[in-house]
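Undergrad: My questions will all concern the structure given below.
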Amino acid sequence: MPVQDLKGSKIWQRRTGRESLFHWVLWLIGVAVFAYCWQQISASTTWFFVWDAPRIAHDIWTRATPPRWEYISQLGKPIWDTLNIATLGTIFSLVLAVPVAFLAARNTTPSRFLIRPIALLIIVSTRSINSLIWALLLIAIIGPGVFAGVIAIAIRSVGFCAKLLYEAIEEIDQTQVEAITATGASRWQVMAYGIVPQILPAFAGIAVFRWDINIRESTVLGLVGAGGIGLQLSSSLNVLAWPQVSLILLVILAAVVISEWVSAKVRGAII
Amino acid sequence: MSEVDTLIGKTWRKPSFIKRRWLRWALILGALAYLVAAYMTIDVNWVRVYEGLERGKKFVLAFTSPDFTSRSSDIYDGMLESIIMTIAASVVGIAISIPIALGAARNIAPLPVYLICRGIIAVSRALQEIIVAILLVAIFGFGPLAGFLTLSFATIGFLSKLLAEDIESMDKVQAEAIKASGAKWTQWINYGVQPQVMPRLIGLSIYRLDINFRESAILGLVGAGGIGATLNTAFDRYEYDTAAAILMLIILIVMALEYLSGVIRARVQ
Numbered sequence: 051m052p053v054q055d056l057k058g059s060k061i062w063q064r065r066t067g068r069e070s071l072f073h074w075v076l077w078l079i080g081v082a083v084f085a086y087c088w089q090q091i092s093a094s095t096t097w098f099f100v101w102d103a104p105r106i107a108h109d110i111w112t113r114a115t116p117p118r119w120e121y122i123s124q125l126g127k128p129i130w131d132t133l134n135i136a137t138l139g140t141i142f143s144l145v146l147a148v149p150v151a152f153l154a155a156r157n158t159t160p161s162r163f164l165i166r167p168i169a170l171l172i173i174v175s176t177r178s179i180n181s182l183i184w185a186l187l188l189i190a191i192i193g194p195g196v197f198a199g200v201i202a203i204a205i206r207s208v209g210f211c212a213k214l215l216y217e218a219i220e221e222i223d224q225t226q227v228e229a230i231t232a233t234g235a236s237r238w239q240v241m242a243y244g245i246v247p248q249i250l251p252a253f254a255g256i257a258v259f260r261w262d263i264n265i266r267e268s269t270v271l272g273l274v275g276a277g278g279i280g281l282q283l284s285s286s287l288n289v290l291a292w293p294q295v296s297l298i299l300l301v302i303l304a305a306v307v308i309s310e311w312v313s314a315k316v317r318g319a320i321i
Numbered sequence: 144m145s146e147v148d149t150l151i152g153k154t155w156r157k158p159s160f161i162k163r164r165w166l167r168w169a170l171i172l173g174a175l176a177y178l179v180a181a182y183m184t185i186d187v188n189w190v191r192v193y194e195g196l197e198r199g200k201k202f203v204l205a206f207t208s209p210d211f212t213s214r215s216s217d218i219y220d221g222m223l224e225s226i227i228m229t230i231a232a233s234v235v236g237i238a239i240s241i242p243i244a245l246g247a248a249r250n251i252a253p254l255p256v257y258l259i260c261r262g263i264i265a266v267s268r269a270l271q272e273i274i275v276a277i278l279l280v281a282i283f284g285f286g287p288l289a290g291f292l293t294l295s296f297a298t299i300g301f302l303s304k305l306l307a308e309d310i311e312s313m314d315k316v317q318a319e320a321i322k323a324s325g326a327k328w329t330q331w332i333n334y335g336v337q338p339q340v341m342p343r344l345i346g347l348s349i350y351r352l353d354i355n356f357r358e359s360a361i362l363g364l365v366g367a368g369g370i371g372a373t374l375n376t377a378f379d380r381y382e383y384d385t386a387a388a389i390l391m392l393i394i395l396i397v398m399a400l401e402y403l404s405g406v407i408r409a410r411v412q
């Protein structure tokens, strides 16, 4: 036990001398890095605007309230588009994620040294790039519109769904699989009757969870031109129509809250 | 007659995922109707998509020859700014979210504090980063400060919620033992609660660092600093080789962070 000898009486300490020195050095490095970062941020900031910020914020607030409620009649179609982007995107991504997950799971992959790393690379690369960037790219390739949004959401979700799904596949009960194999079932039959029933609840849970996230993401995809309510948001922002912006933000907030509620209910019913 | 007798002679059928027959059919029909309705309103311009395939191929090929050199100073500045924003925002966000997490844990905080902290968490989680960034850019002007504030704000909702849940499920016995020794409130938190949640806090912090870096890549689209602006320009000018280089760098850094977080989490747990 680390103790300090102080005039003959021993006092308990949390760490030994070496440990506390090590911690001290770590903290010093951390503080130095943070100070450097802050300095860089501060250097590229126009501080006049920052001191002026409370006034600007107040100004925007007075312009944005009350929201222009009549505008909601024009938001029906964008909301429907947003819902479609999220739902169809989730469906596409699940279709793509299932094979990737089976190829990535240690117990179902056909080749551990060749195919598994490729599947893992697909998972990491689709996951690390935000759906807005995918949307930007797809707009450059297939043109603006809802379709680009659907594909962007689909690609972005593949990695997420496949990762959770392959973890679920790796955690299955192997005895059931063995029992099916013992009956003389083929590889596909083992999959259909031994593995799939075990991961179906996890699959449904992942699908609903991702759908909820996708609703959030699809509300902003329009900012880069990929359809949905974000288009209205960006055009309202461009003409500084703050009452419309505040109404759209309220609608987005409501959509996010509702989708989270729905997803929580459905997951509660499944699991 | 037992159950077996009724089943003998019939072929076995896989039980359905949804047991009630009417519910199953209603769901299937509803889903089909929805898909048809959704497909009708999307109106894909297939000619445009077909024309785009050529550019798509060019982009995929660009990954085989990414161009790091011709815009290297832009890429370097953007990446550095993204990393700086990420680190600063993670530090500040974590520092703020610890007290909020303590306040949002029902077994530590009194009810009024609990409600206020949960409210802060709910607001932070409901607003997406990019929307917060738009508002903050409008208020604070262009530059990394807006991005830094956005990421800090988003960190609070994420970290406080998960940390509060961990505090709520901690082992009461240890905390009580510290309390019984006559510890003050701060000592109680420091020696009774903190050691129990520390591994989780470290794991979550590194995970959030990873998320913050990914998010910082898009904040540039709305003028909040970071690599996003460079990436956007590259796409607008159809410089796919530069875009591919940036994307590869992002993927590489995310992979490195993920590996690092795996190592650190394995060490602290």
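Chains as they are written, first to last, in this note's numbering: chain Z, 51 to 321; chain L, 144 to 412.
Here a beta-carbon is modelled for each residue, glycine too, at the ideal position from N, C-alpha and C.
1) I want to see whether chain Z comes within less than 8 Å of residue 255(L), judged by CB atoms only; does it?
2) Would residue 318(L) count as contacting chain Z if we go by Cβ distances under 8 Å?
3) What runs of the alpha helix (DSSP H), each 4 residues or longer, lie entirely inside the segment 206-243 of chain Z?
4) Counting C-beta neighbours from all protein chains within 10 Å, is the total for residue 64(Z) 16 or more, i.e. buried, or is it exposed?
5) Three-state secondary structure (DSSP) at residue 62(Z)?
6) Determine, using beta carbons only, whether residue 342(L) comes closer than 8 Å to chain Z.
7) Can a CB atom of chain Z be found closer than 8 Å to the CB of residue 176(L)?
8) Classify residue 353(L) as helix, strand or coil using the three-state DSSP reduction.
9) Under the rule that 16 or more other beta-carbon atoms within 10 Å means buried, what is residue 294(Z), buried or exposed?
10) According to a CB-to-CB cut-off of less than 7 Å, which residues of the segment 276-287 of chain Z neighbour chain L?
11) Measuring only the C-alpha atoms, how far is residue 97(Z) from residue 293(L)?
12) Out of curiosity, what's the CA-to-CA distance linking residue 171(Z) and residue 381(L)?
13) For my contact list, residue 110(L) and residue 369(L) are in at a C-beta cut-off of 8 Å; report their separation, rounded to the angstrom.
14) Quick one, are the C-beta atoms of residue 135(Z) and residue 271(Z) less than 8 Å apart?
15) Might you give, ordered along the chain, the residues of its own chain that have their beta carbon closer than 7 Å to the beta carbon of residue 267(L), omitting 5 neighbours on each side?
16) With residue 130(Z) as the anchor, note down where its alpha helix (DSSP H) starts and where it stops.
17) Compare the beta carbon distance of residue 175(Z) and residue 394(L) with 8 Å and say whether it is the shorter of the two.
18) Residue 148(L) bridges to which residues according to DSSP?
19) Which value, in whole angstroms, describes the spacing of the CA atoms of residue 407(L) and residue 346(L)?
20) Looking at the unbroken alpha helix (DSSP H) that takes in residue 193(L), where does it start and where does it end?
21) Using CA atoms only, rank isn't needed, just tell me which of 283(L), 179(L) and 234(L) is closest to residue 110(Z).
22) Pick helix, strand or coil for residue 210(L), following the three-state DSSP scheme.
23) Say whether chain Z places a C-beta atom closer than 8 Å to the C-beta of residue 337(L).
24) Grouping DSSP H, G and I as helix and E and B as strand, with all else coil, what is residue 379(L)?
25) For a contact meaning CB atoms closer than 8 Å, what does residue 99(Z) contact in chain L?
26) Taking 8 Å as the threshold (beta carbon to beta carbon), is residue 360(L) in contact with chain Z?
27) Specify the secondary structure class of residue 55(Z) as computed by DSSP and reduced to three states.
28) Taking 8 Å as the CB-CB limit, is residue 184(L) close to chain Z?
29) Verify the CB distance criterion: does residue 313(L) have a CB-CB separation below 8 Å to chain Z?
30) If the cut-off is 7 Å on Cβ atoms, which residues from the segment 82-106 of chain Z count as contacting chain L, listed in chain order?
31) Closest to residue 238(Z) by C-alpha separation, out of 122(Z), 298(Z), 116(Z) and 149(Z), would be which residue?
32) Pick from 399(L), 341(L) and 154(L): whose alpha carbon is nearest that of residue 356(L)?
33) Note down, in chain order, all residues in the segment 197-213 of chain Z with a beta-carbon under 8 Å from any beta-carbon belonging to chain L.
34) Taking all protein chains shown into account, do 16 or more other C-beta atoms lie within 10 angstroms of the C-beta of residue 341(L), making it buried, or fewer, making it exposed?
35) Look at the alpha carbon of residue 377(L) and the alpha carbon of residue 192(Z), and state the distance between them as a whole number of angstroms.
36) Scan the segment 229-314 of chain L and note each continuous alpha helix (DSSP H) run of 4 residues or more that stays entirely inside, going in chain order.
TA: The structure says:
1) Not an interface residue.
2) Taking Cβ atoms only, chain Z never reaches closer than 8 Å to residue 318(L), which makes this a no.
3) Within the segment 206-243 of chain Z, the runs of alpha helix (DSSP H) at least 4 residues long that lie entirely inside it are, in chain order, 224-232 and 237-240.
4) Exposed is the call here.
5) Judged by DSSP in its simplified three-state form, residue 62(Z) adopts strand.
6) Residue 342(L) does not count as touching chain Z.
7) Chain Z, which has no Cβ nearer than 8 Å to the Cβ of residue 176(L), makes this no.
8) Residue 353(L) falls in the helix class under three-state DSSP.
9) By the beta-carbon neighbour count (other beta carbons within 10 angstroms, threshold 16), residue 294(Z) is buried.
10) Per Cβ criterion, the list reads 287.
11) Their backbone Cα atoms lie some 17 Å apart in a straight line.
12) Roughly 25 Å separates the two Cα atoms.
13) Any answer about residue 110(L) is impossible in this case: the structure gives chain L only from 144 up to 412.
14) At a Cβ-Cβ threshold of 8 Å, residue 135(Z) and residue 271(Z) count as neighbours.
15) Taken in chain order, the residues that qualify are 296, 297, 299 and 300.
16) Taken as a continuous stretch (DSSP letters only), the alpha helix (DSSP H) holding residue 130(Z) covers 126-154.
17) If you check the CB distance, residue 175(Z) and residue 394(L) come in under 8 Å.
18) The partner list for residue 148(L) (beta bridge, DSSP) is empty, contrary to what the question assumes.
19) So the two alpha carbons sit approximately 8 Å from each other.
20) It spans 189-205 - the alpha helix (DSSP H) in which residue 193(L) sits, taken as one unbroken run.
21) Out of 283(L), 179(L) and 234(L), 283(L) has the C-alpha closest to the C-alpha of residue 110(Z).
22) DSSP places residue 210(L) outside both helix and strand once states are collapsed to three, so it counts as coil.
23) Taking 8 Å as the CB threshold, residue 337(L) stays off the interface with chain Z.
24) For residue 379(L), the three-state secondary structure derived from DSSP is helix.
25) Correct list: 283 and 284.
26) Taking 8 Å as the threshold, the shortest C-beta distance from residue 360(L) to chain Z falls below it.
27) Strand at residue 55(Z).
28) For residue 184(L), the answer is yes, since a Cβ of chain Z falls inside 8 Å of its Cβ.
29) Closer than 8 Å: no.
30) Listed by position, the residues of the segment 82-106 of chain Z near chain L (Cβ gap below 7 Å) are 83, 84, 87, 88, 90, 91, 94, 95, 96, 99, 100, 103 and 106.
31) Closest by alpha carbon: 149(Z).
32) Residue 399(L) holds the alpha-carbon nearest to the alpha-carbon of residue 356(L) among 399(L), 341(L) and 154(L).
33) Of all residues in the segment 197-213 of chain Z, 197 and 200 have a Cβ within less than 8 Å of some Cβ in chain L.
34) Counting Cβ neighbours within 10 Å, residue 341(L) comes out exposed, since fewer than 16 surround it.
35) For residue 377(L) and residue 192(Z), the distance between alpha carbons rounds to 17 Å.
36) With a minimum length of 4 residues, the continuous alpha helix (DSSP H) runs that stay inside the segment 229-314 of chain L are 254-269, 272-283 and 287-311.
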